[in-house]
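Numbering (my numbering), first residue to last: 4 to 461.
Right, here's the structure in full:
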């Protein structure tokens with residue numbers, strides 16, 4: 004292009020630098036003015052006799068009046084702590100905001116990005132420190148710190164955070180990016196501490212005890228009517244009770260069971276812990292105590308660990324001492340050893356009770372098996388059950404004939420084998436051994452012989 008006179012002439016009044024203002028109107032009136040053009044500037048000096056054209060300035064003015072290409076802020080994701088999409092929880096320390104470029108815009112090289120944020124419908128405000136763009140062809144990830152987030156007007160649990168951005172290119176042109184489609188719900192409130200319960204399960208469960216027959220424990224976690232324990236859309240949360248923990252004594256807590264989902268509020272969730280998990284706990288031994296607690300996580304990722312359950316379990320896996328039934332004697336009518344006849348009214352079974360305090364309030368069961376030889380059948384043939392009220396003695400159990408004669412398989416010439424089962428108050432049991440006492444059923448009287456008279460005349 005050609006040089007053009009621009010601006011007003013100025014009289015030189017001193018040998019010092021001169022500033023000549025040029026209005027935007029005059030500048031834009033240049034013949035070669037256009038977006039993307041480079042403008043060179045030189046001065047023309049005139050005295051009374053001569054005019055001199057100066058050398059062009061080393062500084063070239065590049066015309067850039069195009070704003071950065073409009074777009075929208077990308078993903079907004081919490082960092083550190085428990086990260087849950089679309090949430091800011093009490094463990095998060097920063098937000099990573101991705102600002103993309105939809106095309107190569109070299110005017111952003113050396114420009115900057117200023118993030119802007121708002122709570123709910125409040126005005127956007129500049130948030131965080133402007134970031135210089137070094138590579139305008141790649142998305143820029145910017146971190147907003149915890150102080151930036153919590154310093155926003157209106158910050159608090161239950162509100163929504165929106166993040167936009169202002170882009171300034173290296174020429175100073177501005178563009179406001181649309182806010183990210185990721186709306187971040189603020190929820191920094193922990194769930195309420197649940198007070199959990201523990202129920203031992205198995206063949207002979209006893210509250211508060213873990214015995215030799217216990218095969219699992221069910222941990223009951225009560226849930227308050229807290230909507231944050233469910234997704235915003237009302238569906239069942241993919242988080243819930245993330246873990247149940249147990250320990251023996253003061254040993255380290257161990258995760259046990261399988262994480263449970265929260266399926267209903269104002270109710271209880273139940274987590275089953277298998278026997279092998281409990282037996283494998285550090286410090287597991289007879290007489291020790293098992294403690295339990297649960298960890299609840301809400302939809303935002305806030306977690307709280309319950310108070311240690313009051314339903315602790317004491318380990319008692321020692322069965323009662325071995326014993327043998329002392330005697331089995333029929334009562335009433337004609338008493339014949341090892342026989343049950345039609346005249347008998349009952350049976351007296353004598354069982355020794357050891358000098359063991361754990362047997363107090365336990366149970367003594369008499370089991371009768373009908374067959375040619377003794378066989379133990381779980382849960383069948385229980386003819387009598389009594390509470391053990393005294394130890395270091397012999398307990399005599401009386402069984403009425405109405406019970407004996409209604410045993411499954413009872414019939415003439417069958418054999419009744421008598422076994423005893425002692426169960427301590429913690430649910431451990433021992434069967435008598437060996438089983439040697441029996442009664443053979445014989446209730447049919449012998450045939451009456453006919454008596455005849457023979458006449459003898461002599």
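C-beta atoms are modelled at their ideal positions from N, C-alpha and C, and glycine is treated no differently.
Quiz item: Just the Cα atoms here: how many angstroms apart are residue 154 and residue 222?
Solution: Within the chain shown, the letter at position 151 stands for residue 154. Within the chain shown, the letter at position 219 stands for residue 222. Going from the Cα of residue 154 to the Cα of residue 222 covers about 41 Å.
Practice problem: Just grab the DSSP bridge partners of residue 289 for me. | Solution: For this step, residue 289 is matched to residue 286 along the chain shown. DSSP, once it has assigned bridges, lists no residue as partnering residue 289.
Quiz item: Within this structure, are the beta carbons of residue 431 and residue 355 separated by less than 8 Å?
Solution: Along the chain shown, one-based indexing puts residue 431 at 428. Along the chain shown, one-based indexing puts residue 355 at 352. Cβ distance not < 8 Å, so residue 431 and residue 355 don't count as in contact.
Practice problem: Buried or exposed for residue 47, please, with buried defined as at least 16 other CB atoms from any protein chain shown within 10 angstroms of its CB. | Solution: What you label residue 47 is simply residue 44 of the chain shown in a count that begins at 1. Answer is exposed; the Cβ neighbour count stays below 16.
Quiz item: What is the DSSP secondary structure of residue 222, reduced to helix, strand or coil?
Solution: For the purposes of this step, residue 222 is identified with residue 219 of the chain shown, where counting begins at 1. Here residue 222 sits in strand by DSSP.
Quiz prompt | Where residue 390 falls: helix, strand or coil (DSSP) | solution = Sequence index remark: in the chain shown, residue 390 carries index 387 (1-based). Residue 390: strand per DSSP, three-state reduction.
Quiz item: Do you know how far the Cα of residue 392 is from the Cα of residue 358?
Solution: Here residue 358 refers to the residue found at position 355 when the chain shown is read from its first residue. Here residue 392 refers to the residue found at position 389 when the chain shown is read from its first residue. About 12 Å.
Quiz item: Is the distance from the Cβ of residue 97 to the Cβ of residue 83 below 8 Å?
Solution: Looking up residue 97 in the chain shown gives position 94. Looking up residue 83 in the chain shown gives position 80. Taking 8 Å as the Cβ cut-off, residue 97 and residue 83 qualify as a contacting pair.
Practice problem: Give, in chain order, every unbroken run of the beta strand (DSSP E) that is at least 3 residues long and sits entirely within the segment 147-219. | Solution: 163-171, 177-180, 187-189 and 200-205
Quiz item: What is the rounded straight-line gap between the Cα of residue 337 and the Cα of residue 373?
Solution: Position 334 of the chain shown, counting from 1, holds the residue named residue 337. Position 370 of the chain shown, counting from 1, holds the residue named residue 373. The straight-line gap from Cα to Cα measures roughly 22 Å.
Exercise. Please state whether DSSP places residue 90 in a helix, a strand or coil.
Key: Mapped onto the chain shown, residue 90 falls at position 87. It is a strand residue.
Self-check item: Boundaries (first-last residue) of the beta strand (DSSP E) holding residue 354
Solution: Taking the first residue of the chain shown as position 1, residue 354 is located at position 351. Note, residue 354: beta strand (DSSP E), 349-356.
Quiz prompt | Residue from 310, 17, 141 and 149 with nearest C-alpha to residue 130 | solution = In the chain shown, counting from the first residue as 1, residue 130 sits at position 127. Residue 130 has its Cα closest to that of 149, out of 310, 17, 141 and 149.
Quiz item: Which same chain residues, not among the five before or five after residue 380, have their C-beta less than 6 Å away from its C-beta?
Solution: Translated into positions along the chain shown, residue 380 becomes position 377. Within the same chain, residue 380 has no close Cβ partners at all.
Practice problem: Would you identify the three-state DSSP class for residue 418, choosing helix, strand or coil? | Solution: Within the chain shown, residue 418 is the residue found at index 415, counting from 1. If DSSP states are grouped into helix, strand and coil, residue 418 belongs with the strands.
Exercise. In the DSSP assignment, find the alpha helix (DSSP H) that holds residue 21 and state where it starts and stops.
Key: As a first step, residue 21 must be located in the chain shown, where it is residue number 18. No alpha helix (DSSP H) holds residue 21; DSSP gives it neither H nor E.
Quiz item: Would you call the CB atoms of residue 194 and residue 289 closer than 8 Å?
Solution: Position 191 of the chain shown, counted from the first residue, corresponds to residue 194. Position 286 of the chain shown, counted from the first residue, corresponds to residue 289. No.
Quiz item: Helix, strand or coil: how does DSSP classify residue 240 here?
Solution: Stepping through the chain shown from its first residue, residue 240 is reached at position 237. For residue 240, the predicted model reports a pLDDT of 44, less than 50, meaning its position is unreliable; a value from the coordinates is still stated below. Residue 240 falls in the coil class under three-state DSSP.
Quiz item: How big is the Cα-Cα spacing for residue 157 and residue 91?
Solution: One-based indexing of the chain shown puts residue 157 at position 154. One-based indexing of the chain shown puts residue 91 at position 88. Cα to Cα, the separation comes out at about 14 Å.
Self-check item: Own chain residues within Cβ distance below 7 Å of residue 257, not counting five before or after
Solution: Position 254 of the chain shown, counting from 1, holds the residue named residue 257. Only 248, 249, 250 and 284 meet the Cβ criterion.
Quiz item: What span of residues does the beta strand (DSSP E) with residue 3 cover, start to end?
Solution: This structure gives no information on residue 3, because the portion of the chain shown stretches from 4 to 461.
Quiz item: Which same chain residues, not among the five before or five after residue 362, have their C-beta less than 8 Å away from its C-beta?
Solution: Looking up residue 362 in the chain shown gives position 359. If we look at residue 362 and ignore the five residues flanking it on each side, its Cβ neighbours are 323, 356, 391, 394, 425, 427 and 428.
Quiz item: Is the beta carbon of residue 424 within less than 7 Å of some heavy atom of the ligand SAM?
Solution: The ligand content of the structure shown is nil, which means the ligand SAM is not present either.
Practice problem: For residue 388, I'd like the list of residues in its chain whose CB is within less than 7 Å of its CB, leaving aside the five on either flank, ordered along the chain. | Solution: Working through the chain shown from its first residue, we reach residue 388 at position 385. So the qualifying residues of the chain are 366 and 368.
Self-check item: Among 335, 326, 118 and 216, the one whose alpha carbon lies nearest that of residue 277
Solution: One-based indexing of the chain shown puts residue 277 at position 274. Cα-wise, what sits closest to residue 277 is 216.
Quiz item: Which whole-angstrom value describes the C-beta separation of residue 421 and residue 371, a residue pair presumed to lie in contact below a C-beta threshold of 8 Å?
Solution: Working through the chain shown from its first residue, we reach residue 421 at position 418. Working through the chain shown from its first residue, we reach residue 371 at position 368. At roughly 6 Å, the Cβ-Cβ gap stays under 8 Å, so residue 421 and residue 371 are in contact.
Quiz prompt | Option nearest residue 397 by Cα separation, candidates 438, 410, 351 and 439 | solution = Taking the first residue of the chain shown as position 1, residue 397 is located at position 394. Here the closest residue by C-alpha is 351.
Self-check item: Exposure of residue 212, with buried meaning 16 or more beta-carbon neighbours within 10 Å
Solution: The residue given as residue 212 occupies position 209 in the chain shown. Per the 10 Å Cβ criterion, buried.
Practice problem: Report the residue from 177, 406 and 59 whose alpha carbon sits nearest the alpha carbon of residue 74. | Solution: Translated into positions along the chain shown, residue 74 becomes position 71. Considering only alpha carbons, the answer is 177.
Quiz item: Cα-Cα, which of 246, 16, 5 and 386 is closest to residue 306?
Solution: Numbered from its first residue, the chain shown carries residue 306 at position 303. When each option's Cα is compared against that of residue 306, the closest is 246.
Quiz prompt | the segment 437-450 contacting the segment 328-342, beta-carbon criterion three pairs below 8 Å | solution = yes
Quiz item: Per the contact definition of three or more C-beta pairs closer than 8 Å, is the segment 52-70 in contact with the segment 35-44?
Solution: yes
Practice problem: Compare the C-alpha of residue 291 against each of 165, 346 and 316 and name the closest. | Solution: Here residue 291 corresponds to residue number 288 of the chain shown, with the count starting at 1. Here the closest residue by C-alpha is 316.
Quiz item: Between residue 134 and residue 145, which are expected to be in contact by the criterion C-beta below 8 Å, what is the C-beta distance as a whole number of angstroms?
Solution: For the purposes of this step, residue 134 is taken as residue 131 along the chain shown, with counting starting at 1. For the purposes of this step, residue 145 is taken as residue 142 along the chain shown, with counting starting at 1. Contact holds; Cβ gap of about 5 Å.
Quiz item: From residue 407 to residue 377, what distance separates their C-alpha atoms?
Solution: For the purposes of this step, residue 407 is taken as the residue at position 404 of the chain shown. For the purposes of this step, residue 377 is taken as the residue at position 374 of the chain shown. Distance between the alpha carbons of residue 407 and residue 377: 16 Å.
Exercise. May I have a chain-ordered list of the alpha helix (DSSP H) segments no shorter than 4 residues that lie completely inside the segment 81-142?
Key: none
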